[in-house]
Amino acid sequence: MSTKPKIPTIWDIPREELFAPGHRMCQGCGAAILMRHITKALGKDAIIVEATGCVEVTTTVYPQTAWKHPWLHIAFENAAAGASGVEAAIKALKRKGVIPKDKKVKVVAIGGDGGTFDIGLQALSGMLERGHNVLYIVYDNEAYMNTGIQRSGATPYKAWTTTTPVGKVWRGEWRPKKDIMGIVLAHRVPYAATVNPAYITDLYMKVRKAVEIEGPTFIHAFSPCTPGWRIDPALTVTVARLAVQTGVWINYEVENGEFRVTTPVSRRKPVRDYLKLQGRFRHLTEEEIAEIQRMVDEEVERINRLVGKTVIGPVVK
Amino acid sequence: MTAQLPGWKSLPPGAVITRPGSTVEYKTHDWRTLRPVIDQERCIRCRLCWLYCPEGTIIELDKPYTTKAGRKYTRTYEINYDYCKGCGICAQECPAKAIKMIEEVR
Amino acid sequence: MAGKKKLPLSGNTAIAYAAKAADVDVISAYPITPQTTIVEKLAEFVANGELNAEVIHVESEHSALSAAVGASAAGARVFTASSSQGIALMYEIMFIASSMRLPIVMAMATRALSAPINIWNDHGDFMAASDTGWVMMMAHTNQEAHDDVILAYKIAEHPDVLLPVITAIDGYFMSHTIEPVEPIEREEALKFIPKKVTWRVLDPDNPVTMGPLGTPEWYYEFKRQQHEAMKKAREVFDEATKEFEKTFGRNYEPVEYFMMDDAEYALVAMGSVAGNVKAYIVREARKRGIKLGLIRVKLFRPFPAEEIAEVISNLKAVGVIDRALAFGSSYGGPLYGDTLSAAYIRGIDTPIVNFVAGLGGRPVTFHDIKTMVDATLALDGKTRKDVPKEPYFIGVRE
Ligand SMILES: Cc1ncc(C[n+]2csc(CCOP(=O)(O)OP(=O)(O)O)c2C)c(N)n1
Ligand code: SF4
Ligand code: SF4
Ligand code: SF4
Ligand SMILES: [Mg+2]
Chain A
0 MSTKPKIPTI WDIPREELFA PGHRMCQGCG AAILMRHITK ALGKDAIIVE
50 ATGCVEVTTT VYPQTAWKHP WLHIAFENAA AGASGVEAAI KALKRKGVIP
100 KDKKVKVVAI GGDGGTFDIG LQALSGMLER GHNVLYIVYD NEAYMNTGIQ
150 RSGATPYKAW TTTTPVGKVW RGEWRPKKDI MGIVLAHRVP YAATVNPAYI
200 TDLYMKVRKA VEIEGPTFIH AFSPCTPGWR IDPALTVTVA RLAVQTGVWI
250 NYEVENGEFR VTTPVSRRKP VRDYLKLQGR FRHLTEEEIA EIQRMVDEEV
300 ERINRLVGKT VIGPVVK
Chain B
0 MTAQLPGWKS LPPGAVITRP GSTVEYKTHD WRTLRPVIDQ ERCIRCRLCW
50 LYCPEGTIIE LDKPYTTKAG RKYTRTYEIN YDYCKGCGIC AQECPAKAIK
100 MIEEVR
Chain C
0 MAGKKKLPLS GNTAIAYAAK AADVDVISAY PITPQTTIVE KLAEFVANGE
50 LNAEVIHVES EHSALSAAVG ASAAGARVFT ASSSQGIALM YEIMFIASSM
100 RLPIVMAMAT RALSAPINIW NDHGDFMAAS DTGWVMMMAH TNQEAHDDVI
150 LAYKIAEHPD VLLPVITAID GYFMSHTIEP VEPIEREEAL KFIPKKVTWR
200 VLDPDNPVTM GPLGTPEWYY EFKRQQHEAM KKAREVFDEA TKEFEKTFGR
250 NYEPVEYFMM DDAEYALVAM GSVAGNVKAY IVREARKRGI KLGLIRVKLF
300 RPFPAEEIAE VISNLKAVGV IDRALAFGSS YGGPLYGDTL SAAYIRGIDT
350 PIVNFVAGLG GRPVTFHDIK TMVDATLALD GKTRKDVPKE PYFIGVRE
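Protein chains in written order, with numbering that gives the first Met the number 0: chain A, 0 to 316; chain B, 0 to 105; chain C, 0 to 397.
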């Protein structure tokens, strides 16, 4: 049974900022919007363990930090392992009476797509399988941005990156995006969800839920990147919204095995609307766009089958 | 550049930063080429610019405002220009078209 | 404290008993031969309610140390253990643990590094860790292995040190060999190493940021601090061993001298091979009137350069036994490299020669030791200029 808390409205988002300005994230960075609202939703009783990547380097340039939470960075591939350690320590110290038993602390790991889908996948699997009471959040900007836009397992089909350049032979990335949610759900976690920075109240509700649920929980966050996707910084939220409106991204949650789409889309926009705003897809031909449209249609169909009714509608031009 | 900074003897071990939120000391206004300006007359207090600003530099104030047409608001949205990087998301997302991006002159 | 009960314990079990006595809060380790029985024993203690700790069944050594860093950063007393490939897999995080100044203790049952894969003993893994910023000790008896864990927490958690510590034993030769050990009880251990968090920890009521980006304006200062912390570790080692002797009646020095009072020649060694050398000295050398002694290095990082140079300065010739190879280096074996520079930097002219022996579990026989002693004696009357520029490879087939 899924718990159905009151759906928050925009006015439920706390005014207090727990993520300070002065960080060095790019103009219009989607991950910056995510971090602001993730920290708000977490509230102050959380410990954050961060993987190496854009968010980490841009927010903790010594001697200053943008974080108001206790925050730990160890390396690139081990946010889940580090978080496991923090959580185990709290558990042991509570049992031994060093930390008051009723002290509320949630451990939260945050990593990029590279640190999660690729190099950190093993540590993530270990953390999920062992059942640590940790919320893992991946902000997915679909490439290794911190090192200059190299492809990752999360890079979408046909996207240009610096290691999948468009040339006489190559046409950008040639593999579809890895199904990280499928991998996570195979661990039978009590809660996993996708979020998108254009839909903040949805994000807020899901982070709150994931914090409250005991055990390993997972959130996959869509994270537009202005230089990496070659988008106008003003269009970060627009592009994020279009991802949902075209069905490229679907906001859903899986609570104890129960699947629910949280942002139904009755009339889909064509993927072209999403692709055309991004320089990383500039090279696409009509045939290639049609191919991507087919791939999205298939995924939408799969989701509708899973739900048992049409929650994501057909493309309407 | 480095001579005025503290030496190893006085720094806390392990590079631990003990001042939460201290990036506020680092102003990012000079990243900006365009400056967002809110027209308080047009603003309908919907909170969206505040919501989407990546810098969290749009401030929500309990400051009453009455428009020339007599519409009363209890809140006002103002931009803290110390950190605004001029991305333009606020202007793009404003449903009332109350934010204009104007050229930054320094 | 004499007359206390002794138990027949393997090196690994002796270490597990010590971690139990230290009342560790979190154990994070991954199985690897010959370390495995340490964590098996600890798991048994926890399973039986004899130790109140969280055991993290990590999926790799990389995660073992990463979780240890996380747990230590959260204020727990943390213990881990590994060997060989496990150490190699931890390598990245070893630097991070020491740079973040977290007082983690790791037991190491030394083992050869692949390839070819080999589960037997040498010091390849230990030496690979030698520049990772950890304090490093190597024991020679199971009692010492046990005591080292207690000493390790004393040093690691000292506010002037705050460095992780490795306590090593030789795989199989010690890890799986039973000796009588007088275990330290929890109560007396905790009097010696009280549970007190002396480092900055992650706490929502007092939030800190750990592991930031260090730009060129800042990075170097933190490395300089680590150098200083290592120097402090030596001072604290001396204080701790003194207090340890007062409390438990057993004395440890950074360097153990065996029959060195009247020695004219010495072998320098670490770990279990020191036992063979001791036996050779007593049963062979001294009987033949050769004034041979042993310098056993217990504390490897920080290296006790001062005392080693001092003792070498009075000798006619010295041989250093290395159970690892620093390929392509100007010296050969890593222990030789440290010994040479300790002596020659201080202008000591004693000839010092290098022997590489016992790689991948190859036994170091009496005959091998005789070969080494003979080669050392052959340098009598010579100076450092006459020392062979290549190590002797002892016990290898041509
Ligand atoms: C072991 C290791 N390999 C490689 C790197 C270099 N590196 C640092 S961040 C990064 C990419 C991060 O990508 P992602 O996780 O997607 O985060 P993003 O920067 O895109 O936010 C890489 C390759 C590293 N720090 N450590
Ligand atoms: S590169 Fe992309 S993800 Fe990284 S800070 Fe810039 S916009 Fe954000
Ligand atoms: S331009 Fe960008 S940074 Fe500046 S206030 Fe608007 S949204 Fe915030
Ligand atoms: S988005 Fe526009 S209308 Fe809404 S609060 Fe901001 S300025 Fe006012
Ligand atoms: Mg990325």
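Ideal Cβ placement from N, Cα and C applies to all residues, glycine included.
inquiry  = Please state whether the Cβ-Cβ distance between T51(A) and G152(A) is less than 8 Å.
reply    = no
ask   = Where do the ends of the beta strand (DSSP E) carrying W70(A) lie?
value = W70 to H72
inquiry  = Would A82(A) and H131(A) qualify as a contact pair, given that the criterion is a beta-carbon distance under 8 Å?
reply    = yes
message = Residues of the segment 11 to 36 of chain B in Cβ contact with chain C at a cutoff of 8 Å, in chain order, please.
response = P11, P12, G13, A14, V15, I16, T17 and P19
query = Cβ of E40(B) less than 8 Å from any chain A Cβ?
reply = no
task = Assuming E92(B) and Y51(B) form a contact by the criterion Cβ under 8 Å, report the distance between their Cβ atoms to the nearest whole angstrom.
result = 5 Å
request  = Kindly indicate which three-state DSSP category P402(C) falls into: helix, strand or coil?
outcome  = No answer is possible for residue 402(C): it lies beyond the span of chain C, which begins at 0 and ends at 397.
request  = Please state whether DSSP places R451(C) in a helix, a strand or coil.
outcome  = This structure gives no information on residue 451(C), because the portion of chain C shown stretches from 0 to 397.
query = Do you know how far the Cα of G332(C) is from the Cα of M259(C)?
reply = 23 Å
query = Given that R46(B) touches chain A, what residues does it touch there, using C-beta distances under 9 Å?
reply = I9, W10 and I12
ask   = What is the C-beta distance between F354(C) and G318(C), in whole angstroms, given that I count them as a contact (C-beta under 8 Å)?
value = 6 Å
inquiry  = Please report the distance separating the alpha-carbon of L276(A) from that of Q149(A).
reply    = 20 Å
task = Please confirm if P53(B) has its CB atom under 8 Å from at least one CB of chain A.
result = yes
request  = Pick helix, strand or coil for E58(C), following the three-state DSSP scheme.
outcome  = coil
ask   = When the cut-off is 8 Å and only beta carbons count, does L461(C) lie next to chain A?
value = There is no way to answer for residue 461(C), as the model of chain C reaches only from 0 to 397.
ask   = Curious, which full-length beta strand (DSSP E) runs of at least 3 residues does the segment 304 to 333 of chain C contain?
value = 316 to 321
task = Identify each residue in the segment 212 to 228 of chain C for which the Cβ-Cβ distance to at least one residue of chain A is less than 7 Å, and report them in chain order.
result = L212, G213, T214 and W217
Cutoff 8 Å: L202(A) Cβ touching any chain B Cβ = no
query = Under a Cβ-count criterion, where at least 16 other Cβ atoms within 10 Å of its own Cβ denotes burial, should Q3(B) be classed as buried or exposed?
reply = exposed
message = At a cut-off of 7 Å, would you count N120(C) as near ligand 2, judging by its Cβ distance to the nearest heavy atom?
response = no
task = Please report the Cβ distance between D139(A) and D117(A), rounded to the nearest whole angstrom; I am assuming they are in contact, meaning their Cβ atoms lie under 8 Å.
result = Actually they are not in contact, since the Cβ atoms of D139(A) and D117(A) sit about 12 Å apart, beyond 8 Å.
query = For Y171(C), which of helix, strand or coil comes out of DSSP?
reply = coil
query = Thinking C-alpha only, which one of R110(C), A75(C) and L112(C) is nearest G96(A)?
reply = A75(C)
request  = Please confirm if T208(C) has its CB atom under 8 Å from at least one CB of chain B.
outcome  = yes
query = Got a sec: is the Cβ-Cβ distance from I47(A) to anything in chain B below 8 Å?
reply = no
query = What is the DSSP secondary structure of D139(A), reduced to helix, strand or coil?
reply = strand
task = On a CA-only basis, which of A106(C), A20(C) and M137(C) is nearest A28(C)? Give me that one, please.
result = A106(C)
key: Given A239(C) as reference, the closest of E227(C), F125(C), A228(C) and P253(C) once Cα atoms are compared   = P253(C)
inquiry  = Three Cβ pairs or more, each shorter than 8 Å: is that satisfied between the segment 220 to 228 of chain C and the segment 284 to 303 of chain C?
reply    = no
ask   = Expressed to the nearest angstrom, what Euclidean distance is found between the alpha-carbon atoms of K31(C) and R100(C)?
value = Here the sequence assigns Ile to residue 31(C), which means Lys is not the residue at that position. Cα-Cα distance, rounded: 26 Å.
For review: beta carbons within less than 6 Å of any heavy atom in ligand 2 = M24(A), C25(A), C28(A), A30(A), C53(A), T57(A), N140(A), M144(A), C224(A), T225(A), P226(A) and G227(A)
ask   = To the nearest angstrom, how far is it from the Cα of A289(A) to the Cα of S222(A)?
value = 24 Å
task = Return yes when the C-beta of A233(A) is under 7 Å from any heavy atom of ligand 4, and no when it is not.
result = no
Residues bridged to Q149(A) (per DSSP) = Y143(A)
message = Whole angstroms are fine: how far does the CA of N303(A) sit from the CA of V295(A)?
response = 12 Å
ask   = Thinking C-beta only, is G87(B) closer than 8 Å to L47(B)?
value = no
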